[in-house]
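Residue numbers (our numbering): 309 to 699.
All residues carry an ideal CB built from backbone N, CA and C; glycine is no exception.
Being a predicted model, the structure only gives us computed values, none of them experimental.
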């Protein structure tokens, strides 16, 4: 039995968190035992199978002003992580993002029998991911894990082109979703009844935390233009977060309150996806967006921004429509085009669904991580950049 500990910043709603949840629940229980370590637990803890634990390192997300307090908190967390690794007899530590990475480094240098796998999601050098000082340090430190995985070829290429990590230590594994869960087309009327939408009203949807990098502001500005052209259009926003009040104020300023619906955090995302007409992701950057895969899995057309993490998946005019980032006018044009052009809508929906079912199933992702863990324990890991969308 191989004991794997996943170490992530938080365990609430989010893409990384969903990946870890699926790995914990779907990985072979005959060969692996999995637990989660985090700075802040959340809703996903309730969805773990019985027998799995979530360990919380206190004050991991706090920002004390005192340098001394910061140092003491860090030392306390390192001690606790050491204790967890020892008591749980961990064989593999799988970290995600910078916080867990920095905590793992001093811990595992003293426990070299534990294999260390680290995953980055968006490219670390994208503006807003890490500070310049953090990036400079990481360029050196990324060589210490046994294996680095990127969720896209763009992220993996950063490791060996920019951080100069040997290619045989870098592997790309695409994120995967439970595609069977996203084929409930019979549920289309569910959300429309809840929101009192008629069948002829056209719904644009977005799923994701309300954070700056998701760029909901651009989508709302674009939707105000879409609604002027197509009065039957509606926008539903699934998710919650720090930008909600600002976004609600923008909706009010644009006088589209009756046509934009903030639904908050929802567990019924598959049913919501089946009810929308177009999925839109206007992000400034992404790692490898699960929500696009989810929309494709249920056969929905995608309009998204031409940015790192998205353009590796979406081919303009083939399985989606790409528009420049931070451009409400072009985003509105793309949405209108998909809403009124039935032939285009059918084509990109069909091709997107085909790509998702062939390349991005959760079963495929879990199997690739299982194989990687086994090879890591046997010392037989070799680079394998899994092909994506011709990128």
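Spatial distance of residue i from residue j (CA atoms)
i	j	result
residue 519	residue 551	6 Å
residue 532	residue 562	7 Å
residue 604	residue 365	37 Å
residue 361	residue 315	12 Å
residue 344	residue 363	6 Å
residue 660	residue 644	19 Å
residue 682	residue 549	38 Å
residue 578	residue 380	44 Å
residue 423	residue 457	14 Å
residue 392	residue 311	12 Å
residue 680	residue 527	39 Å
residue 445	residue 467	13 Å
residue 434	residue 350	27 Å
residue 352	residue 598	16 Å
residue 323	residue 375	32 Å
residue 465	residue 408	21 Å
residue 485	residue 664	9 Å
residue 696	residue 377	Residue placement at residue 696 is flagged as unreliable, the pLDDT there being 43, under the threshold of 50; the coordinate-derived value follows with that caveat. Rounded to whole angstroms, residue 696 to residue 377 spans 45 Å at the Cα level.
residue 654	residue 510	15 Å
residue 628	residue 622	6 Å
residue 574	residue 554	20 Å
residue 454	residue 359	28 Å
residue 334	residue 666	19 Å
residue 357	residue 640	43 Å
Proximity below 9 Å, CB of residue i to CB of residue j
i	j	result
residue 572	residue 596	no
residue 670	residue 642	no
residue 620	residue 483	no
residue 514	residue 589	yes
residue 404	residue 428	yes
residue 487	residue 332	no
residue 447	residue 471	yes
Reference residue i; option with closest CA among the options
i	options	result
residue 576	321, 310, 312	321
residue 336	687, 672, 686	672
residue 449	585, 358, 432, 607	432
residue 525	633, 583, 477, 541	633
residue 537	637, 545, 478	637
residue 583	502, 358, 413, 435	502
residue 609	656, 529, 564, 385	656
residue 406	384, 439, 623	439
residue 419	452, 569, 442, 553	452
residue 535	658, 411, 330, 567	567
residue 613	530, 649, 684	530
residue 587	473, 607, 594, 593	607
residue 499	556, 410, 569, 342	569
Residue range of the beta strand (DSSP E) that includes residue i
i	result
residue 348	340 to 348
residue 588	586 to 589
residue 480	478 to 480
residue 363	362 to 364
residue 542	541 to 546
residue 316	310 to 318
residue 323	Residue 323 -> not in any beta strand (DSSP E); alpha helix (DSSP H) instead, spanning 323 to 334.
residue 407	Premise fails: residue 407 lies in the alpha helix (DSSP H), 406 to 416, not in any beta strand (DSSP E).
residue 571	568 to 572
residue 510	510 to 515
residue 631	629 to 631
residue 610	610 to 613
residue 456	455 to 458
Cβ neighbour criterion (16 or more within 10 Å) applied to residue i
i	result
residue 395	exposed
residue 512	buried
residue 399	buried
residue 478	buried
residue 674	buried
residue 383	exposed
residue 542	buried
residue 436	exposed
residue 565	exposed
residue 516	buried
residue 601	buried
residue 686	exposed
residue 651	exposed
residue 625	exposed
residue 421	exposed
residue 481	buried
residue 504	exposed
residue 648	exposed
Span of the alpha helix (DSSP H) around residue i
i	result
residue 650	650 to 667
residue 427	Careful: residue 427 lies outside any alpha helix (DSSP H), inside the beta strand (DSSP E) at 423 to 428.
residue 603	598 to 605
residue 578	577 to 583
residue 530	524 to 537
residue 463	461 to 465
residue 391	375 to 395
residue 680	670 to 686
residue 503	Taken as a continuous stretch (DSSP letters only), residue 503 belongs to no alpha helix (DSSP H), as it is neither H nor E.
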